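First the structure, in the form of structure tokens, and then the observations on it.
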Amino acid sequence: MFTNGFRVYDIHGHLPYPFGFMTRNPVVTAFNKQRAENMRLAWDFPAVDSEPATPDKPIIERWVESLDRYGIGGLNFLTAADNDDLAAQISRYPDRFTGFAHHSIESPDAAEELERAVDVLGLKGYKLFGPLVQIPFHDPSLTPVWRFLAERRLPVLIHFGLLGHTGGIVHHMNINPLSIFNVAREYPDILFIIPHFGAGYFQELLHLCWGCPNIYIDTSGSNQWMRWTPYELTLETLFRKTYELIGPKRIVFGTDSGSFPRGYVYRYLQDQVRVCRELRFSEEDIESIFGNNARRLLNLLS
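Be aware that the sequence shown starts at 11, since it is given in the numbering used here, and climbs by one per residue.
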């Protein structure tokens, strides 16, 4: 797929983590079960019941096999049970995996935990879900976290937009990418990564990128949120508009891979590379988007 032996580096993967923000009731559960089956058929994913009850090897070993199957260079995990769990799992394969801290930014010791995660555990950045933060991002209580990230020039990936499926979050004061504008403008040394092209807030994300040169767009997932906009959007449109407005150096590839038996979602990579080639992106631009930008953000380039 790539020339000169180039290998993809994926900015957006998940190890198992608590998923407690979804509404649970029989109606929602039944609806999501049918939705998941429709998606599985549409994307040709393996059936959930094809997963053995007790896998014969640790999950990180399965991830190595999954990356090797598709020739993927590396994967950055954003979540796990906690920061120690993530660091312990990826430490077995430091040449294939990196990870971000993921803990509440509202905790009194959030800055201290982030410093520990970076300096002791070796994690490379910070992951947040915007709609799970219950105070404004520019609240003074969060200043120690922003200052630490700025001093170290570390990346922080913040999920804005729709969160979860039916029973998830569709309305919140921090659901819009523009909610980070004041912080992004005040701390230009923090590298903000916004995934899924804004997950329903594409225009707002482009406005944020226009005002703040330290905003990067992560391409991850199926981007099915496009179906829920009142205007026509396609993957081609997302890439073309993003490329035209911010260029190739601020676009970062991801899949949002996170579970077995599905494993690494190679289909998302195929579709995104196809779009970039049909749009006549140069090979240099493609290598930036699908690997080197992530390596640069993660400080992996020599």
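Ideal Cβ positions, reconstructed from N, Cα and C, are used throughout, including at glycine. From a predicted model like this one, the values you see are computed outputs, not experimental measurements.
Count the other CB atoms, across all protein chains shown, that sit within 10 Å of the CB of residue i; report buried if there are 16 or more and exposed otherwise.
i	result
Ala40	exposed
Glu254	exposed
Phe249	buried
Ile82	buried
Asn35	exposed
Leu51	exposed
Leu164	buried
Glu214	buried
Glu313	No information on residue 313 is available, as it lies outside the stretch 11 to 312 that the chain covers here.
Ser76	buried
Glu123	buried
Val180	exposed
Val37	exposed
Note down, in chain order, each residue of its chain lying with its Cβ closer than 7 Å to the Cβ of residue i, except the 5 sequence neighbours on either side.
i	result
Ile168	Leu138, Gly140, Ile190, Phe202 and Ile204
Thr13	At Thr13, the pLDDT of 48 sits below 50, so the modelled position is not reliable; the number obtained from the coordinates is stated separately. Cβ neighbours of Thr13 beyond the five flanking positions: Glu293.
Phe170	Gly140, Ile185, Asn186, Pro187, Ile204, Gly208, Ala209 and Tyr211
Gln144	Glu116
Ala97	Gly109, Leu131, Gly132 and Leu133
Tyr80	Tyr274 and Tyr276
When the Cα of residue i is compared with those of the options, which residue comes out closest?
i	options	result
Ile70	Glu242, Lys134, Val130 and Ser269	Ser269
Asp78	Tyr274, Lys67, Glu288 and Ile261	Tyr274
Val193	Phe147, Lys251 and Asn233	Phe147
Arg102	Pro118, Val74 and Ala127	Val74
Gln282	Asn233, Pro150 and Ser151	Asn233
Leu218	Pro150, Ile256, Asp149 and Glu246	Ile256
Ser151	Tyr136, Val166 and Pro118	Pro118
Just checking my contact of residue i with residue j at CB under 8 Å: how many whole Å lie between their CB atoms?
i	j	result
Leu307	Tyr226	7 Å
Ile115	Ala160	Contact flag wrong, Cβ pair sits at about 14 Å.
Lys134	Thr108	5 Å
Pro56	Arg284	Pro56 to Arg284, Cβ: 22 Å. No contact.
Arg106	Gly301	The Cβ separation is near 13 Å, so there is no contact.
His314	Asp228	Absent from the model: residue 314. The displayed extent of the chain is 11 to 312, so no value can be given.
Phe212	Pro258	Wrong, their Cβ atoms sit about 18 Å apart, outside the cutoff.
Gly208	Trp238	Gly208 to Trp238, Cβ: 12 Å. No contact.
Arg260	Gly221	In fact, because the Cβ distance is near 13 Å, the residues do not count as touching under 8 Å.
Ala304	Asn42	The Cβ separation is near 31 Å, so there is no contact.
Glu246	Leu289	7 Å
Starting from the C-beta of residue i, find all residues in its chain whose C-beta is less than 8 Å away, skip the five residues before and the five after it, and write them out in chain order.
i	result
Glu125	Phe158
Tyr27	Thr89, Ala90, Ala91 and His112
Arg162	Val128
Arg72	Pro65, Phe270 and Gly273
Looking only at its own chain, which residues have a Cβ that is under 6 Å from the Cβ of residue i, when we skip the five neighbours before and after it?
i	result
Gly231	His206 and Asp266
Pro198	Asn224
Ile100	Phe107 and Gly109
Ala120	Val155
Asn84	The sequence given here has Gly at residue 84, not Asn. Excluding positions up to five away in sequence, the list reads Tyr19 and Arg106.
Phe29	none
His182	Pro141
Leu311	Arg305
Asp295	Pro258
Met236	Leu243
Ile299	Pro258, Ile261 and Phe263
Would the C-beta of residue i count as close to the ligand FMN, meaning under 7 Å from any of its heavy atoms?
i	result
Leu142	Ligands in the displayed structure: none, and consequently the ligand FMN is not present.
### Task
Answer yes if the stretch 159-176 comes into contact with the stretch 89-101, meaning at least three C-beta pairs across the two stretches below 8 Å, and no otherwise.
no
### Query
Do the stretch 278-287 and the stretch 254-266 make contact, defined as three or more Cβ pairs closer than 8 Å?
yes
### Query
Are the stretch 44-52 and the stretch 240-260 touching by the rule of at least three beta carbon pairs closer than 8 Å?
no
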